[in-house]
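Participant: Start counting the sequence shown at 75; every next residue gets the next number (the numbering used here). In this text, a Cβ means the ideal position worked out from N, Cα and C, and glycines have one as well.
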Amino acid sequence: MAEAERIIGTPDTPDDDHQQTAAAGAAAGAEAAGASGETGETGTDGASGQRTPAAHKPGRGRRIAVLFSVAAFAYALDLISKMLVVARLEGRAPIRVVGDLLELHVIRNPGAAFSFGAAFTVIFSLIAAIVIVVIVRLARKLYSFPWAVALGLLLGGALGNLTDRIFRTPGVFEGAVVDFIAPKGFAVFNLADSAIVCGGILIVVLSFYGLDPDGTVHKD
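#1: Give the range of the beta strand (DSSP E) segment to which residue 216 is assigned.
#2: Could you spell out the range, first to last residue, of the alpha helix (DSSP H) harbouring residue 158?
#3: Classify residue 255: buried if its beta carbon has 16 or more other beta carbons within 10 angstroms, exposed otherwise.
#4: Going by DSSP, name the residue or residues bridged to residue 256.
#5: Exposed or buried, residue 37, counting other C-beta atoms within 10 Å across all chains shown (16 or more means buried)?
#6: Go to residue 278, then tell me how far its beta strand (DSSP E) extends in each direction, as first and last residue.
#7: Between residue 171 and residue 265, what straight-line distance do the alpha-carbon atoms span, to the nearest angstrom?
#8: Quick one: using the 10 Å Cβ neighbour count with 16 as the cut-off for buried, is residue 198 buried or exposed?
#9: Pull up the DSSP beta-bridge partners for residue 251, would you.
#10: Across which residues does DSSP place residue 291 in a beta bridge pair?
#11: Following the continuous beta strand (DSSP E) through residue 170, name the residue where it begins and the one where it ends.
#12: On a Cα-Cα basis, can you pick out the residue from 218, 275, 226 that is closest to residue 149?
#13: Any idea what DSSP makes of residue 104, helix, strand or coil?
#14: In angstroms with no decimal places, state the Cα-to-Cα distance between residue 253 and residue 237.
#15: With H, G and I counted as helix, E and B as strand and the rest as coil, what does DSSP make of residue 242?
#16: My output table needs one value for residue 223: the three-state DSSP class, helix, strand or coil.
#17: Helix, strand or coil for residue 234? Go by DSSP, reduced to three states.
#18: Quick one: measure Cβ to Cβ for residue 274 and residue 228, integer angstroms, because I've assumed they're closer than 8 Å.
#19: Counting only the same chain and skipping the five closest in sequence on each side, list residues whose C-beta sits under 8 Å from that of residue 222.
#20: May I ask you to report which of helix, strand or coil DSSP gives residue 203?
In structure tokens form, the structure reads like this:
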């Protein structure tokens with residue numbers, strides 16, 4: 075009997091099988107947890123609990139969409155309003171909207187916003203073109219929703235006035251901008267000017283609070 079057991083061999087006991095299976099499962103679980111912490115799938119580092127780069131600054135595509143949506147809306151609103159006032163109001167007496175406080179009065183402005191710098195039409199046209207290029211390039215690093223709105227307003231306003239300078243008389247880059255909003259005691263302007271000013275104010279506020287276009291916040 076002893077010789078038979080020696081030849082055949084003694085099989086492993088059930089307890090040994092269970093311990094080996096449990097040890098293999100624990101090793102596999104530890105390896106999977108380590109891989110998850112390294113790849114950042116959960117958004118945190120398994121050792122330190124800090125966020126990994128993979129979970130940082132999400133949604134750039136959505137911010138870019140917001141930028142160009144705001145720009146398209148501002149541009150369309152400016153373009154349509156100018157077409158309407160030129161067709162129906164140009165050459166006519168000003169129309170009072172709010173008593174003596176606000177009128178609709180169509181003029182052709184060869185200068186910058188609010189009729190400033192009428193002798194530098196070409197220069198202002200080039201500046202507007204440069205601003206548009208800079209905003210489009212900056213969009214690649216855009217992760218902030220407020221910055222997307224601000225840059226969208228600037229882009230839409232710049233495109234609106236640049237369209238006038240290219241396609242209206244007297245010629246390309248020398249065209250006069252159509253202005254028609256005339257508050258009492260203030261320069262006549264248009265919706266593109268308003269978009270530019272609102273976008274500029276918002277950028278100043280965001281810079282004051284230390285918010286950068288890439289979504290980071292810094293304190294000086």
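Facilitator: Let's see:
#1: For the purposes of this step, residue 216 is taken as the residue at position 142 of the sequence shown. Counting along the chain, residue 216 falls outside any beta strand (DSSP E), and DSSP gives it neither H nor E.
#2: Translated into positions along the sequence shown, residue 158 becomes position 84. Segment 134-162, the alpha helix (DSSP H) holding residue 158.
#3: Residue numbering aside, residue 255 sits at position 181 when the sequence shown is read from its first letter. Flag for residue 255 reads buried.
#4: The sequence position of residue 256 within the sequence shown is 182, counting from 1. Note: residue 256 sits in a beta bridge opposite 177.
#5: Lying before the first or after the last residue shown, residue 37 is absent from the chain, which here runs from 75 to 294.
#6: Taking the sequence shown and counting its residues from 1, the one referred to as residue 278 is at position 204. Element bounds for residue 278: not the beta strand (DSSP E) but the alpha helix (DSSP H), 265-282.
#7: Reading the sequence shown from its first residue, position 97 is the one you call residue 171. Reading the sequence shown from its first residue, position 191 is the one you call residue 265. CA-CA distance, residue 171 to residue 265, rounds to 16 Å.
#8: To locate residue 198, count along the sequence shown from 1; it is residue 124. Buried is the call here.
#9: Here residue 251 refers to the residue found at position 177 when the sequence shown is read from its first residue. Residue 251 pairs with 183.
#10: If you number the sequence shown from 1, residue 291 lands on position 217. When beta bridges are read from the DSSP output, residue 291 appears opposite 285.
#11: Taking the first residue of the sequence shown as 1, we reach residue 170 at position 96. Note, residue 170: beta strand (DSSP E), 169-172.
#12: Start at 1 with the first residue of the sequence shown, and residue 149 comes out as number 75. Comparing Cα positions, the closest option is 226.
#13: Counting from one through the sequence shown, the residue named residue 104 turns up at place 30. For residue 104, the predicted model reports a pLDDT of 44, less than 50, meaning its position is unreliable; a value from the coordinates is still stated below. Correct three-state label for residue 104: helix.
#14: Walking along the sequence shown from the start, residue 253 turns up at place 179. Walking along the sequence shown from the start, residue 237 turns up at place 163. The alpha-carbon separation between residue 253 and residue 237 amounts to approximately 13 Å.
#15: Residue numbering aside, residue 242 sits at position 168 when the sequence shown is read from its first letter. Three-state DSSP puts residue 242 in coil, outside helix and strand.
#16: Your numbering for residue 223 matches position 149 in the sequence shown. Correct three-state label for residue 223: helix.
#17: The residue you call residue 234 lines up with position 160 of the sequence shown. Note: residue 234 maps to helix in three-state DSSP.
#18: Along the sequence shown, read from residue 1 onward, the residue named residue 274 stands at position 200. Along the sequence shown, read from residue 1 onward, the residue named residue 228 stands at position 154. Indeed they touch by this definition, with Cβ atoms about 7 Å apart.
#19: The count along the sequence shown starts at 1 and reaches residue 222 at position 148. Once the five neighbours on either side are set aside, the close Cβ partners of residue 222 are 137, 138, 140, 141, 144, 216.
#20: Start at 1 with the first residue of the sequence shown, and residue 203 comes out as number 129. Helix, per DSSP.
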